[in-house]
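The sequence shown runs 34 to 418 under our numbering.
Notes follow the structure.
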Amino acid sequence: MTKKIRMGMVGGGSGALIGAVHRTAANITGDIDLVAGAFSSDADASRAFGVELGLAADRAYGTFAEMFAREAELPPHERIQCVSIVTPNDSHADVACAALSAGVHVICDKPIAGHLEDALRVARAVDQSGLLFGLTHPYVGHPLVIEARERIAAGEIGEVRRVAVSYLQDWLSRAEDTKASKQALWRSDPARSGEAGAFADIGTHAFNLVEFTTGLSITEVAAELRTVVAGRTLDDDGAAMFHLANGASGLLSASQVCSGALNALRIEIYGDAGSIFWAQEAPNAMTIKYRGQPDQVLRPGTNAGYLSEPAIAACRTPGGHPKGYLEAFANLYAGFARAVRDYPAHGDTGCASVADGVAGMRFIRAALLSSRNESAWTRLDGGDN
Ligand SMILES: NC(=O)c1ccc[n+]([C@@H]2O[C@H](COP(=O)([O-])OP(=O)(O)OC[C@H]3O[C@@H](n4cnc5c(N)ncnc54)[C@H](O)[C@@H]3O)[C@@H](O)[C@H]2O)c1
Numbered sequence: 034m035t036k037k038i039r040m041g042m043v044g045g046g047s048g049a050l051i052g053a054v055h056r057t058a059a060n061i062t063g064d065i066d067l068v069a070g071a072f073s074s075d076a077d078a079s080r081a082f083g084v085e086l087g088l089a090a091d092r093a094y095g096t097f098a099e100m101f102a103r104e105a106e107l108p109p110h111e112r113i114q115c116v117s118i119v120t121p122n123d124s125h126a127d128v129a130c131a132a133l134s135a136g137v138h139v140i141c142d143k144p145i146a147g148h149l150e151d152a153l154r155v156a157r158a159v160d161q162s163g164l165l166f167g168l169t170h171p172y173v174g175h176p177l178v179i180e181a182r183e184r185i186a187a188g189e190i191g192e193v194r195r196v197a198v199s200y201l202q203d204w205l206s207r208a209e210d211t212k213a214s215k216q217a218l219w220r221s222d223p224a225r226s227g228e229a230g231a232f233a234d235i236g237t238h239a240f241n242l243v244e245f246t247t248g249l250s251i252t253e254v255a256a257e258l259r260t261v262v263a264g265r266t267l268d269d270d271g272a273a274m275f276h277l278a279n280g281a282s283g284l285l286s287a288s289q290v291c292s293g294a295l296n297a298l299r300i301e302i303y304g305d306a307g308s309i310f311w312a313q314e315a316p317n318a319m320t321i322k323y324r325g326q327p328d329q330v331l332r333p334g335t336n337a338g339y340l341s342e343p344a345i346a347a348c349r350t351p352g353g354h355p356k357g358y359l360e361a362f363a364n365l366y367a368g369f370a371r372a373v374r375d376y377p378a379h380g381d382t383g384c385a386s387v388a389d390g391v392a393g394m395r396f397i398r399a400a401l402l403s404s405r406n407e408s409a410w411t412r413l414d415g416g417d418n
């Protein structure tokens, strides 16, 4: 039997939001064992939580620095091969750089860092180490999102002309929401979230979804970022017009103050021959429309022979069995585990790359600069960002 990939985790302690999702996603692959971790900024809580998860007590560490140092002393066939980073944004870069200099591959949650400069530091460390880096934008793990990318690349909707993408939530709609959970507290704090609020937290998902599906880079933005709820310093609502590398136009909205919106990520991509619509709250349907013809609705499934090979490969069950967020997340882990197993044969982790992470930070920086400059068009590769 093939041995599983040995993974460590940083963050994701008791009461954390996304750490448990990563552990579940890694489990779904059947290819990854969580064998070590530093789960909390409190060393005692970290050790206790690791033991609660069933780790050997001597591999439930107090800090990530201790974990990387002690793991390196273990024989190569025992030490962790990769680490999953699920801490708040401000520590991603430090943890990633520590992992890479300890010879450990990295799978990291988004955004890649709090600030563009830290993202560039991670990119240099990935480059110097030659190790794997995957960024988890889980929505691109959905079979039908993969299908959208495949069909657009094959020219099925023609040349992309316009994209409308929005990611709307309501959990920060009121002033009291800012202090209602630790997740809200750090996301509203520039020292922990980084240079942006909602645009960093969910705007980067929308950005990544556009670039993933169209295969085109966003080159410039004209943005308005707002702080709607009094008492906050970071944006909780905003919109950016953008241009893609082929000259197409788009509009990206990201807001956490839209009452009644749960996790409303939706994308519409219009080409000169047809269009595609997908919404993550109903991820098992993708609509393709052609002028003068009835809508086509595509469904995911291992037996959906009309889908592309990569989309079918992202399904675990036949059609009619709903596929969801956790399975999309697991598809990222499956790709990452394959790349770790094959390393250095190929660098394709199936996740967003370090370059994608840097692009997401350039998008945030350009949107902030534009917003401060009366929504002037601002290039993502501009000299000032
Ligand atoms: N991909 C997604 O869909 C998605 C969804 C939610 C959150 N996220 C991202 O995941 C990250 C975590 O978000 P969250 O909502 O789970 O936060 P959270 O506050 O719920 O959990 C963060 C955890 O990290 C721990 N931690 C903080 N500093 C640490 C350190 N130095 N060492 C070890 N542990 C430390 C905390 O104790 C806590 O357990 C953020 O970057 C966020 O943007 C991504």
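Positions of the beta carbon are idealized from the N, C-alpha and C atoms, including for glycine.
Under the three-state DSSP convention, the category residue i falls into
i: residue 35; result: coil
i: residue 247; result: helix
i: residue 123; result: helix
i: residue 417; result: Because residue 417 carries a pLDDT of 45, less than 50, the predicted location of this residue cannot be relied on, and no value is offered for it.
i: residue 397; result: helix
i: residue 303; result: strand
i: residue 138; result: strand
i: residue 348; result: coil
i: residue 130; result: helix
i: residue 311; result: strand
i: residue 231; result: helix
i: residue 44; result: strand
i: residue 3; result: With the chain covering only 34 through 418, there is no way to say anything about residue 3.
i: residue 283; result: strand
i: residue 290; result: coil
i: residue 337; result: coil
i: residue 102; result: helix
i: residue 93; result: strand
i: residue 237; result: helix
i: residue 376; result: coil
CB of residue i within 8 angstroms of CB of residue j, strictly
i: residue 200; j: residue 239; result: yes
i: residue 281; j: residue 196; result: yes
i: residue 361; j: residue 175; result: yes
i: residue 156; j: residue 391; result: yes
i: residue 70; j: residue 55; result: no
i: residue 381; j: residue 395; result: no
i: residue 178; j: residue 142; result: no
i: residue 358; j: residue 171; result: yes
i: residue 271; j: residue 297; result: no
i: residue 221; j: residue 230; result: yes
i: residue 145; j: residue 115; result: no
i: residue 27; j: residue 252; result: The requested residue 27 does not occur in the structure, where the chain is confined to residues 34 to 418.
i: residue 29; j: residue 243; result: No information on residue 29 is available, as it lies outside the stretch 34 to 418 that the chain covers here.
i: residue 330; j: residue 344; result: no
Opposing strand residues paired with residue i [DSSP bridges]
i: residue 257; result: 272
i: residue 412; result: 253
i: residue 319; result: 311 and 331
i: residue 277; result: 251
i: residue 385; result: 168
i: residue 298; result: 200
Exercise. At 4 residues or longer, and completely inside the segment 160-216: list those alpha helix (DSSP H) runs for me, N to C.
Key: Fully enclosed alpha helix (DSSP H) runs of 4 or longer: 176-186.
Worksheet item: Does the segment 298-314 come within contact of the segment 180-191, defined as at least 3 CB pairs closer than 8 angstroms?
Response: Flag = yes, the segment 298-314 and the segment 180-191 touch.
List, from N- to C-terminal side, the alpha helix (DSSP H) runs of 4 residues or more that fit wholly inside the segment 50-83. Entirely contained in the segment 50-83, the alpha helix (DSSP H) runs reaching 4 residues are, in chain order, 52-62.
Below 8 angstroms, how does it come out for the segment 289-296 and the segment 204-214: are there three or more Cβ pairs, yes or no?
Put simply, the segment 289-296 touches the segment 204-214. At least three CB pairs are less than 8 angstroms apart.
* To do: Indicate whether the contact test is met: 3 or more Cβ pairs, each with one atom in the segment 152-168 and one in the segment 131-138, closer than 8 angstroms.
  => Contact between the segment 152-168 and the segment 131-138 is present: 3 or more CB-CB pairs across the two stretches fall below 8 angstroms.
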